[in-house]
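Numbering (the UniProt record's numbering), first residue to last: 14 to 563.
For every residue, glycine included, the Cβ atom is placed at its ideal position computed from N, Cα and C.
Here the structure is a predicted model, which is why all the values come from computation and not from measurement.
Notes for the one structure printed next.
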Ligand code: ATP
Ligand code: MG
Ligand code: MG
């Protein structure tokens, strides 16, 4: 019965389909609160909910859980839509908003009051907290707990009309102040917020709490399986209580483990802090674990979906290594990305026996993994750049690249040999004087002699100068969230900007978002914000070295 890619939520859905519990329907939802940008943790939930709908020919609703006017904005609504679409999912007809149900939710609340299941409490929020008790100590009833239904109806109506100040009173469910599950000790259902809402404007000044709004929104929309993260396990009892008391259609809440990813934080509150305090350059900074940051960095939707498949769905919290996400994007780009040559730290090389004022075109393979991607022509001439790190004047035993008197291959070009090191007035190496062997055109010697290294290079006269940004982990520790202050473990070297990099000339035409493998260096993509026509800025998506331990 165990199929690859199967998990406990699929087993629940399959059992429900078999028993006819929801008349064969599968309706899931992805319910973000529009109070920040989506991150890779949300991608896990998106892939799960939309993926289940696709697999079982059901539907998945995109629902904005917009019940808190204090923190929500239209900018976030728009970014969420863009990110879900970019990940490759489609929410069909329209999106849903909890705020569209404010009238219905109010009527449900009135029904609870009429049944004696809810009351208006005039304790302050501090008092409510004190009265609630602790795990070891039962709560005490509020002195307002036994208000009559008539009085509660009148007070709740006054709350709605704006006759009370914020904090003066709340509506609470009347459940059990001694419940072992503290959430069930008369939870707050409605509170007053004298604040304009981004969609309903001034219409409401009372707003429903998450636990009240969520189960009823699921119910109104005919959701069958309401999937949430494990922190809500204790809230399930309240979810069920509200729907049962109101005799409402009853979806099934199912909890799964949230994604934790190493060397980053996945909490909107912390991500907002990074943005507001300008530790990063906005929500879409390529170092951010946001969908928009990953997109700008050069990640593809396919790689993120593949990652979400591989991490699976379980009921136990764990930490996923960032190296797995990197592994997924490498796997894809290895098959799809065009190879090019670019020198990040240029060292000038003059080929003394190559004619001045001459150049030639050499043929280079675009992708050895995919013949259909064809070949391209790259210029070669007397003055070239190679990577500074590919030369050592006094090499240790295991260094096989260029050194005085040594011969190496230039990729797709010729063998060259280093004859002389030229220094500038500061004693720094300014250029290398080399010779080439015209017989080795294309990369092999007719006499069969071998070289131990093949270097990438770019012709100086033809090179495109560009800026390249190298990224490292945003945090220096695996789990920054468990530090007393996560800002203390920010990596000061998470961004290195290189200017004056020398790239093969064809890259002048690279379009925003285009992804390449710079041979021997890694995968890079054209930054969509900072590039100008003919002047691309490249972001390193990931290095070539795979550190994922299978
Ligand atoms: P945060 O803790 O970052 O504020 P949240 O849960 O408050 O996240 P919501 O906008 O409410 O953010 O999330 C929408 C959906 O995404 C919820 O169903 C939530 O369970 C899911 N989700 C959020 N973070 C993760 C995560 N790290 N892993 C898996 N699912 C997540
Ligand atoms: Mg939430
Ligand atoms: Mg939140």
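Around the beta carbon of residue 58, 16 or more other beta carbons sit within 10 angstroms, so the residue counts as buried. Counting only beta-carbon distances shorter than 5 Å to the non-hydrogen atoms of ligand 1, the qualifying residues in chain order are 45, 46, 54, 55, 57, 58, 241, 242, 271, 272, 279, 280 and 281.
In the three-state DSSP reduction, residue 553 falls in the strand class (E or B). Between residue 232 and residue 211, the beta carbon gap of about 24 Å keeps them out of contact (Cβ cut-off 8 Å). Within the same chain, Cβ atoms closer than 6 Å to the Cβ of residue 330 are found at 270, the five residues on either side in sequence being excluded. For residue 225, the enclosing alpha helix (DSSP H) covers residues 223 to 233. Residue state for residue 116 is assigned as helix, using DSSP reduced to three classes.
Boundaries of the alpha helix (DSSP H) around residue 349: 335 to 349.
Residue pairing from DSSP leaves residue 197 without any beta-bridge partner. Nearest neighbour of residue 221 by Cα position, chosen from 432, 201, 478 and 182, turns out to be 201. Following the DSSP letters along the chain, one finds residue 548 in no beta strand (DSSP E), marked with neither H nor E.
Within the segment 108 to 155, the complete beta strand (DSSP E) segments at least 3 residues long are 131 to 134, listed from N- to C-terminus. Listed as beta-bridge partners of residue 64 by DSSP are no residues whatsoever. Per DSSP, residue 305 is one residue of the alpha helix (DSSP H) stretching across 304 to 310.
Residue pairing by DSSP places residue 373 opposite 393 in a beta bridge. Residue nearest to residue 526 within the set 543, 515 and 534 is 543 (criterion: CA-CA distance). In this chain, residue 180 is not harboured by any beta strand (DSSP E), its DSSP state being neither H nor E. By the criterion of a C-beta distance shorter than 6 Å, residue 424 is surrounded in its chain by 467 and 469, once the five residues flanking it on both sides are discounted. Around the beta carbon of residue 332, a 10 Å sphere encloses fewer than 16 other beta carbons of the protein chains shown; the residue is thus reported as exposed.
Rounded to whole angstroms, residue 340 and residue 143 show a C-alpha spacing of 50 Å. For residue 318, the secondary structure class from DSSP, reduced to helix, strand or coil, is helix.
Residues of the same chain with a CB within less than 6 Å of the CB of residue 372, apart from the 5 flanking positions on each side, are 392 and 394 in chain order.
Sorting 534, 539 and 548 by C-alpha distance to the C-alpha of residue 556 places 534 at the top. Contact annotation: the segment 484 to 492 does not touch the segment 367 to 383, with fewer than three C-beta pairs closer than 8 Å. Only exposed fits residue 167, as fewer than 16 other CB atoms lie within 10 angstroms of its CB. Between the segment 41 to 60 and the segment 86 to 101 there are three or more C-beta pairs closer than 8 Å, enough to call the two in contact. The beta-carbon distance between residue 405 and residue 413, rounded to whole angstroms, is 10 Å. This is too long to meet the 8 Å contact definition. DSSP links residue 332 through a beta bridge to 273. Annotation for residue 37: 30 place their beta carbon closer than 7 Å to its own, counting only its chain and skipping 5 residues before and after. A buried status is given to residue 165, since no fewer than 16 other beta-carbon atoms sit within 10 Å of its beta-carbon.
Annotated three-state conformation of residue 56 is helix, per DSSP. Sequence-distant partners of residue 433 (beyond 5 residues in either direction) whose C-beta falls short of 6 Å from its own C-beta, in its chain, are 446.
Per the C-alpha coordinates, the member of 171, 163, 178 and 135 positioned closest to residue 157 is 135.
Between the C-alpha atoms of residue 49 and residue 279 there is a straight-line separation of about 12 Å. Put simply, of 529, 513 and 512 the residue whose alpha carbon is nearest the alpha carbon of residue 520 is 529.
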